[in-house]
Amino acid sequence: MFRVLDKQTASMYTRDGIRLDADIYRPDAVGEFPVLLMRQPYGRAIASTVVYAHPTWYTAQGYIVVIQDVRGRGTSGGEFQLFAHEIADGEDTVNWAASLPGSNGKVGMYGFSYQGMTQLYAAIAQPPALKTICPAMIGYDLYTDWAYEGGAFCLQTNLAWAIQLATETARLRGDKQTYQALFAASRNLPLNNPEILQQLAPESFYHDWVAHPQPDAYWQELSPKTHFQDVDLPMLHIGGWFDTYLRGTLHLYKDMVARATTPQHLVVGPWAHIPWGRKVGEVDFGNQATSPIDEMQIRWFDYFLKGIDTGLLDNYPLYLFEMGDNMWQYIPIINIVNQKIYYLSTTGLANIREDAGTLTPNPQPPEHKEVLVHDPWRPVPSVGGHGAIAAGVFERSHIDVRADVLTYTSEPLTADLHLLGDVIVEIVCTADQPSYDLCAVLSQVYPDGRVYNLTQGYLHCADGTSNITRKIQLQTTCVKISQGNAIRLSLSATCYPAYAMNSGNGAVLHSDSLLNAQVITITVSCDGEGSRVLLPVR
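Per the UniProt record's numbering: the sequence shown = residues 1 to 538.
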């Protein structure tokens, strides 16, 4: 361990003359050290300490640590435009960091969320000094991995983030009135009146995201995936089972494994976006769930920046936390070939009685159809999962007893069931409106009647009146469901405000579309092998 010198502040200039400011932490020792770089938009003093150790801890391990304000944030100059300048600015910053006094010329990057994205954009430029990155909780394809899920707008997380960034912009501009109005909105999200953003932050990225509900050229140009095909760096990918951006983390990891020549490792803990601790929602996953990421990153950086064999590559590339067992496990691959199928069966009262809808391992003869009515006046609320604030595991029996939620429950398990991978729900249904949504939640039911969500998925259905099979991909999971507990599928037409409500003709994203929101009647078929749940059994 090294003693750490007092923090220094230094500036660099981008190729187009914009000043970027950074805090630099140095070991109190002679010699040359690798550089760890984080580029972030939230004020560099925070340095992602909501989930990582303080930069001084990393410095004490023998690194020069650079925490930089991106363009237009903190005290850096220029105008902030979401992700727009991060490729060129990232390349310029890596080159500058590599040439700092005391640097050995090798740079690694770390950080989560926006700080994870800046790593991807810098890597696209392929500066020779950048030797490895540790991207956590990112969107690889910004449309499918971040802004939209199953074609539905991720309302709560997108709006909350847009208001946070707009509030900081107002603070930096010294606009007290706008700052106070946005700060108040951040504490009471204006979910049915996001026009407040149009009024107070007309330049916000949010308006572009809403205006592009399809994966068009706008998303192609903005997404790291579009520009990433020549990148081949060793990466430590970091995610959480209840992180809203786990799709992006896994998307990038799988893409790199398929084509990269360099080591790709993946760590997924039982965490939401923040914090990375033992408790997520209402469930305590035990002391093992405390974040090992800081120590793992140092082992990773020691290997690739200092040439020290830390034994990191001796293990399997996936280090996953199995919920239920509440233990970390090294495994070679996420394999979903061993699928267990449950079929939906009903007496026609699955929205009224918890014993009317069942999950059965054998398809049942067609008996009844299920009718689900969505009333925009009282949408089914979002509770936990990965899309809501707060995310995680919550007791949801009070949701399942609603008459606008269909529930299908298995018999109690006669043996422990281990799931690892993607749960798929296939539903044969039709609706009386041109557009509707489906939310599928997989839970475990305890003998005393408590119900805790495991994973969920959401799907926007545009051609609503067609009677076809809808395929809902739930969030990837790793969990042990104990013997004696049952499995439950809950189906609804909303999960609000995690996802924008459907008006019957598209997303409700402003007051006018709320005014025009229709009651939607969905008919679900539970005949034969059509409607079913496919489980990835380990």
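Glycine included, each C-beta is placed from N, C-alpha and C at the ideal position.
Query raised in the report: Unbroken alpha helix (DSSP H) runs of length 4 or more, entirely within the stretch 148-183: which are they?
Result: 155-173
- Message: Quick check on the DSSP output: the alpha helix (DSSP H) that includes GLY392 runs from which residue to which?
- Response: Note, GLY392: premise wrong, no alpha helix (DSSP H); not H, not E.
**Message:** When you compare the CB positions of ASP422 and THR476, do they come within less than 8 Å of one another, or not?
**Reply:** yes
**Item:** Beta-carbon contacts of PHE183 that lie in its chain and below 8 Å, excluding the five residues immediately before and after
**Value:** THR167
- Task: List the whole-angstrom C-beta distance separating residue 568 from LEU344, where the pair is believed to meet the contact cut-off of C-beta under 8 Å.
- Result: Residue 568 lies beyond the residue range present for the chain, which begins at 1 and ends at 538; the question has no answer from this structure.
For THR523, the first and last residue of its enclosing beta strand (DSSP E)
520-525
Check your understanding: Between ALA185 and ILE163, is the Cβ-Cβ spacing less than 8 Å?
Key -> yes
- Close-in-space but distant-in-sequence residues of the same chain around ALA181 (CB under 8 Å, 5 per side omitted): ILE196 and LEU200
My assumption, with CB atoms under 8 Å, is that VAL50 sits in contact with PRO27. Please give the rounded CB distance.
At roughly 25 Å, the Cβ-Cβ gap does not stay under 8 Å, so VAL50 and PRO27 are not in contact.
*asked:* Does ASN335 come out as helix, strand or coil in the three-state DSSP assignment?
replied: The three-state reading of DSSP puts ASN335 in coil, since its state is none of H, G, I, E or B.
**Asked** Exposed or buried, GLN126, counting other C-beta atoms within 10 Å across all chains shown (16 or more means buried)?
**Response** exposed
task = Using only alpha-carbon positions, find the residue among LEU535, ASP416 and GLY357 that is nearest to SER525.
result = GLY357
Practice prompt. Find the nearest neighbour of VAL393 within the set SER382, ALA217 and PHE33, judged by alpha-carbon distance.
Written response: The residue with the shortest Cα to Cα distance from VAL393 is SER382.
Worksheet entry | Own chain, CB closer than 7 Å to SER48, minus 5 neighbours either side, in chain order | MET38, GLN40, GLY111, PHE112 and GLN115
Close-in-space but distant-in-sequence residues of the same chain around ASP375 (CB under 6 Å, 5 per side omitted): VAL519
- [ ] Name the two residues that bound the continuous beta strand (DSSP E) containing ILE427.
- [x] 424-431
*Any idea if ARG396 is buried or exposed, counting beta-carbon neighbours within 10 angstroms, 16 or more meaning buried?*
buried
Entirely enclosed beta strand (DSSP E) segments - the stretch 342-378, minimum 3 residues = Taking only runs of at least 3 residues, the beta strand (DSSP E) segments lying wholly in the stretch 342-378 are 357-360 and 369-374.
- Item | Three or more C-beta pairs below 8 Å linking the stretch 434-447 and the stretch 135-146 | no
* Asked: What do you reckon, are the CB atoms on LYS480 and GLU322 nearer than 8 Å?
  -> yes
- Message: Can you give me the C-alpha to C-alpha distance between MET501 and ARG259, rounded to a whole angstrom?
- Response: 39 Å
Go through its chain and collect everything with a Cβ distance to GLY105's Cβ below 7 Å, but skip five positions before and after it. ALA98 and ALA129.
Report task. Reducing DSSP to helix, strand and coil, say where PHE33 ends up. Result -> strand
Smallest Cα separation from ASN326: which of ALA136, ALA391, GLN288 and VAL451? GLN288
Residue closest to HIS212, alpha-carbon to alpha-carbon, out of LEU509, ASP309, LEU359 and GLN61: LEU509
The alpha helix (DSSP H) with HIS227 in it runs from where to where?
Unbroken run through HIS227: none, as it is neither H nor E.
Classification of LYS225 by the beta-carbon crowding that lies within 10 angstroms, buried from 16 upward
buried
>> Below 8 Å on the Cβ atoms is my contact criterion, and I expect GLY506 with SER435 to pass it. Report the Cβ-Cβ distance as a whole number of Å.
In response: In this structure, GLY506 and SER435 form a Cβ contact; the two beta carbons are roughly 6 Å apart against a cut-off of 8 Å.
Point to revise | Meets three-Cβ-pair contact criterion under 8 Å: the stretch 296-314 and the stretch 412-420 | key: Because the criterion of three Cβ pairs below 8 Å is not met, the stretch 296-314 and the stretch 412-420 do not touch.
Is it buried or exposed, ASN485, if we count other Cβ atoms within 10 angstroms and call 16 or more buried? buried
- Query: Roughly how many whole angstroms lie between the Cα atoms of PHE33 and THR157?
  - Reply: CA-to-CA, the gap between PHE33 and THR157 works out to about 38 Å.
(request) Label residue 540 either buried or exposed according to how many other C-beta atoms from any shown protein chain fall within 10 Å of its C-beta, with 16 as the threshold for buried. (result) Past the boundaries of the shown model lies residue 540; the chain is included only from 1 to 538, so the question cannot be answered.
In the DSSP output, which residue or residues are listed as bridge partners for TRP328?
PHE321
- Determine the direct distance from the alpha carbon of VAL30 to that of PRO101, and round the result to whole angstroms. 11 Å
Return the chain-ordered list of same chain residues with a C-beta closer than 8 Å to the C-beta of ARG15, the five sequence neighbours on each side being excluded. Around ARG15: ALA88 and ASP92.
Between GLY387 and HIS273, what straight-line distance do the alpha-carbon atoms span, to the nearest angstrom?
10 Å
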